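Asks:
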Amino acid sequence: MGNVPGFSQQITGFSGIGLKLQGLAVAYGARTILRDLSLDVPAGRTTCLLGPSGIGKSTLLRRVAGLIDGPGTIVASDGRPIAGRVALMGQGDGLLPWLSALDNVLLGARLRGQAADRGRGRAMLARVGLADAAASRPDTLSGGMRQRVALARTLMEDQPLVLMDEPFSAVDALTRLKLQDLAAEMLADRTVLMVTHDPWEAIRISHAITVMTGDPAIISRTLHPAGDTPRAIDSDAARDLWRNLMAALGDVA
Amino acid sequence: MTRLLTGIVTAFVLLGLWQGYVWLSGIEPFLLPGPIAVAETLVARHELILKHLGTTALEIVLGLLIGTLLGVSAAILIHAIPAARRIGLPLLVVSQAIPVFALAPLLVLWLGYGLWSKVAMAVLIIFFPVATAFLDGLRRTEPGMLDLASIMTATLSPFRRTVALMVHVRIPAALPALASGLRVATGVAPIGAVVGEWVGSSAGLGYLMLHANGRMQIDLLFAALFVLALFSVLLWLSVDALLRKALPWQPDSFAR
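Heads up: the sequence lines are chains D and P, in that order.
In the working numbering, each number is its position in the first sequence, counted from 1, plus 201.
In the working numbering, each number is its position in the second sequence, counted from 1, plus 585.
(1) Which stretch, first to last residue, makes up the alpha helix (DSSP H) that contains D:ASP441?
(2) Three or more C-beta pairs closer than 8 Å, one from the region 687 to 706 of chain P and one from the region 256 to 264 of chain D: is that the case here?
(3) Buried or exposed: P:PHE597, going by 16 or more other Cβ atoms within 10 Å of its Cβ?
(4) Can you check the region 729 to 809 of chain P for any alpha helix (DSSP H) of at least 4 residues that lies completely inside it and give the ranges in chain order?
(5) The region 296 to 308 of chain D: which residues have C-beta closer than 9 Å to a C-beta of chain P, in chain order?
(6) Within its chain, find whatever has a CB closer than 6 Å to the CB of P:THR641; leave out the 5 residues flanking it on each side and keep chain order.
(7) Comparing C-alpha positions only, which one of D:GLY322, D:ILE419, D:PRO272, D:ALA244 sits nearest to D:LEU388?
(8) For a contact meaning CB atoms closer than 9 Å, what does D:GLY293 contact in chain P?
(9) By the 10 Å Cβ neighbour count, where 16 or more other Cβ atoms means buried, how is P:ALA718 classified, buried or exposed?
(10) So which of D:GLY224, D:LEU308, D:THR247, D:VAL412 has the shortest CA-CA distance to D:PRO431?
(11) Determine which residues share a DSSP beta bridge with D:ALA316 and list them.
(12) List, in chain order, every chain D residue whose beta-carbon is nearer than 9 Å to that of P:MET751.
(13) Where does D:ILE420 sit, in a helix, a strand or coil, going by DSSP?
(14) Buried or exposed: where does P:ARG588 fall if 16 or more other Cβ atoms within 10 Å of its Cβ makes it buried?
(15) At the 9 Å Cβ level, is D:GLU358 part of the contact set with chain P, yes or no?
(16) Taking Cβ positions only, does P:THR738 come closer than 9 Å to chain A?
(17) Going along the region 264 to 276 of chain D in order, which residues come within less than 9 Å of chain P, judged by CB to CB distance?
(18) Whole angstroms is fine: what's the gap from P:HIS631's alpha carbon to P:GLY592's?
(19) In the DSSP assignment, find the alpha helix (DSSP H) that holds P:TYR606 and state where it starts and stops.
(20) Note down the Cα distance separating P:ILE666 from D:ALA334, rounded to an integer number of angstroms.
(21) State the Cα-Cα distance for the pair P:LYS842 and P:PHE816, rounded to the nearest angstrom.
(22) In three-state terms, what does DSSP make of D:LEU362?
(23) Note down, in chain order, each residue of its chain lying with its Cβ closer than 7 Å to the Cβ of P:GLY648, except the 5 sequence neighbours on either side.
(24) Taking all protein chains shown into account, do 16 or more other C-beta atoms lie within 10 angstroms of the C-beta of D:ALA384, making it buried, or fewer, making it exposed?
(25) May I ask you to report which of helix, strand or coil DSSP gives D:ARG394?
(26) Taking the C-alpha atoms as reference points, what is the distance between P:PRO684 and P:TRP783?
(27) Please report how far the alpha carbon of P:LEU793 lies from the alpha carbon of P:VAL824, in whole angstroms.
(28) Name the chain P residues that come within less than 9 Å of D:ALA284, Cβ to Cβ?
(29) Residues in the same chain with beta-carbon distance under 8 Å from P:MET730, minus the five sequence neighbours each way, listed in chain order, please.
(30) Listed in chain order, which residues of the region 622 to 648 of chain P have Cβ atoms closer than 8 Å to some Cβ of chain D?
(31) Give me the Cα-Cα distance between P:ILE672 and P:ALA659, rounded to the nearest whole angstrom.
(32) Closer than 7 Å, Cβ to Cβ, to anything on chain D: give me those residues from the region 653 to 678 of chain P, in chain order.
(33) By the 10 Å Cβ neighbour count, where 16 or more other Cβ atoms means buried, how is P:ARG725 classified, buried or exposed?
(34) Which word fits D:ARG263, buried or exposed, when buried means at least 16 other C-beta atoms lie within 10 angstroms of its C-beta?
(35) Taking only beta-carbon atoms, is P:ALA809 less than 9 Å away from chain D?
(36) Check whether chain D comes within 9 Å of P:VAL812, counting only Cβ atoms and requiring the distance to be less than that.
What follows is the structure in structure tokens.
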């Protein structure tokens, strides 16, 4: 199948779908959050949206997810609609407290009235290291474990496009590092658009880092760090990248 | 164990004060009988009292079941259907603004002296706390859960999507709120039934109390009142325990 015009090789070079966002605008009442925002999201790669809190990163993610409407276009590299091909992992774990970990992982099938593949659900839990917690209710799990269940649920959906909104911001530093490694490993080859306010998180797991600044927000620059993810953060290259990101964040602020 | 002991001691102290007042003041027993006299009547007339309790209990339980069913249905309809919201939301408030006591004579006129006018009273009293609490719960569903569920159901038709979110996310998430409404409803349900019995009936503890009052059998009135209160408390405790068991994920703690 032919590529949609306007997508560079970089966008379509990997498996999965790339996205081309053009002229997106979102306003809440009189307050303009996003105005004429355009961005290419490369296929099969992890792109981080980095910016200070309240800049509109989550709004952009919700717009891409189709949770809010507004002017502008979002086109997939294969030209087909995006709805139904998205998995979301939000700031909270979003686990339903009355369901077991396994049933939470299988939530998508339950909602769509499909037969749940319990074997695959268990395998997903095992991959995030929670094989023994399948029957546990979320309130009996730690924050890090709940976030891992949420990751397993995201993977269970098996969608080409994964949207993540500061998924690891609520856990401690060490757990965050482990979860980043796990996510980088398990989401490899998928198109991931991830919102974060943590430059180190962006450096560790993304192939492209898009910095958002200003009000209304603009894309101030996009960096393409070299090498595989998850990246070590104690190298000189990582430190240079960090300095560049902090400079970019400070450009307009 | 200490809690039970505290309760028993408190009850005996209060009963002792009551009995002491009756002895010391020499008040006429047709004005205020002592707890011992009430207990004697309770034992002597227990068959009569239990017979009337059966009627009242049936009214209360039927009222609870029907009122809960109506309240839950109303909350879901008002939440899900915009037209139902415009009509139902004001009606819901009005249903509570009209004093049920004022409606009691009408209900007896329309539904007769039997069971159903009292059940209708109880239903009217129960409906509002159940409907409002459940509706509040349905509206307060955590946005993160809804976002997630919306994206997972993006390929369903709008109708199936609304139903899926309602059945699998909103309703279970609102059950703790419904439980709060049910606790209030269980507490007030006996009022509806007894008021109905006062207005016009030939059976039930309310009828028995009114009848005893008219014949200056205040000890019987107190005995019936005691049984009614005991039944109400036991009913509330059972419903509370049942709800707790049904919602194990719900956080539950008191101030230390």
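Don't be surprised by glycine CBs; every beta carbon is placed ideally from N, CA and C.
Nothing here was measured: the structure is a model prediction, and the numbers come from that model.
Replies: Concretely, from the data shown:
(1) Segment 437 to 451, the alpha helix (DSSP H) holding D:ASP441.
(2) no
(3) exposed
(4) 743 to 750, 756 to 784, 790 to 799
(5) LEU296, LEU297, PRO298, TRP299, LEU300, LEU308
(6) Result list for P:THR641: ALA778, GLY789, LEU790, in chain order.
(7) D:ALA244
(8) GLU727, GLY729, MET730
(9) buried
(10) D:THR247
(11) Per DSSP, none; premise fails for D:ALA316.
(12) Under the 9 Å cutoff, chain D gives no residues; its nearest Cβ is about 11 Å from P:MET751.
(13) strand
(14) exposed
(15) Yes, its Cβ sits closer than 9 Å to a Cβ of chain P.
(16) Reference to chain A is not applicable here, since the protein chains of this structure are D and P.
(17) ALA266, GLY267, LEU268
(18) 24 Å
(19) Segment 587 to 610, the alpha helix (DSSP H) holding P:TYR606.
(20) 39 Å
(21) Only positions 586 to 841 of chain P appear in the structure, and residue 842 of chain P is not among them; the question remains open.
(22) strand
(23) VAL704, ALA707, VAL708, ILE711, ALA774, GLY777, ALA778
(24) Buried, by the Cβ-count rule.
(25) The identity of residue 394 of chain D in the sequence shown is Leu, whereas the question assumes Arg. Looking at D:LEU394 - three-state DSSP - the assignment turns out to be strand.
(26) The alpha-carbon atoms of P:PRO684 and P:TRP783 are separated by roughly 15 Å.
(27) Roughly 26 Å between the two C-alpha positions.
(28) ILE736, ALA739, THR740
(29) VAL754, ALA758
(30) none
(31) Going from the Cα of P:ILE672 to the Cα of P:ALA659 covers about 11 Å.
(32) Of all residues in the region 653 to 678 of chain P, none has a Cβ within less than 7 Å of some Cβ in chain D.
(33) exposed
(34) buried
(35) no
(36) Between P:VAL812 and chain D, the shortest Cβ-Cβ separation is not below 9 Å.
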